[in-house]
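In short: position in the sequence shown from 1, add 1334, done, that's my numbering. Okay, so here's the structure we're looking at.
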Amino acid sequence: MIDSVNPIRRRMMLALAALAAAGRPARAAAGGIRQAAGKSDKAYIERAFEMRQHAIASGDQAFGAVVVRDGVIVGQAPSRVVTAGDPTAHAEMEAIRDAARRLGGRDLGGCTLYSSSPPCPMCEAAAYWAGIGDMVYGRDATRAGTQRLCG
Ligand SMILES: [Zn+2]
């Protein structure tokens, strides 16, 4: 059906569809995620530590992470390095993948990554590529600031 529309109109329709996907509210993407008790760094870090507990309970490495946009948890994961047999399945990578899936795209601009420990260079680079604006880690909710691609 869309092929029968003239090319300019078709391009406009596709652009509008892309805009609609980009502007998809965080709340809609959060379906199935139990939200944190509050809307503070401490509350999101608490959830990252819950993910860490899941990792430990499943016999994986003791790490957890969540991704938050507009005060809504849109991605969360424990480490799956051991259970998935994937050396790149760090909690942060898995949380970024979860958020991208739920938000329907690779642009995680406006999101903050919370992790139970300081992110490693691979995860920091992944956050960079995803456009994540901020990172917070550890029990004290230390702000890591804008991530860098290398070092
Ligand atoms: Zn990592």
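By construction, the Cβ of each residue, glycine as well, lies at the ideal position given by its N, Cα and C atoms.
Using the rule of at least 16 other Cβ atoms within 10 Å of the residue's Cβ for burial, across every protein chain shown, is residue i buried or exposed?
i, result
"residue 1394", "buried"
"residue 1466", "buried"
"residue 1434", "buried"
"residue 1432", "buried"
"residue 1409", "buried"
"residue 1446", "buried"
"residue 1442", "buried"
"residue 1407", "buried"
In terms of residue numbering, what span does the beta strand (DSSP E) encompassing residue i cover?
i, result
"residue 1445", "1445-1449"
Taking only three categories from DSSP, how would you classify residue i?
i, result
"residue 1468", "strand"
"residue 1452", "coil"
"residue 1403", "strand"
"residue 1478", "coil"
"residue 1395", "coil"
"residue 1461", "helix"
"residue 1369", "coil"
"residue 1418", "coil"
Is residue i near ligand 1, with its Cβ less than 7 Å from a heavy atom?
i, result
"residue 1453", "yes"
"residue 1428", "no"
"residue 1388", "no"
"residue 1283", "This structure gives no information on residue 1283, because the portion of the chain shown stretches from 1335 to 1485."
Is the Cβ-Cβ distance between residue i and residue j less than 8 Å?
i, j, result
"residue 1399", "residue 1364", "no"
"residue 1403", "residue 1444", "yes"
In terms of residue numbering, what span does the alpha helix (DSSP H) encompassing residue i cover?
i, result
"residue 1432", "1425-1437"
"residue 1362", "1360-1363"
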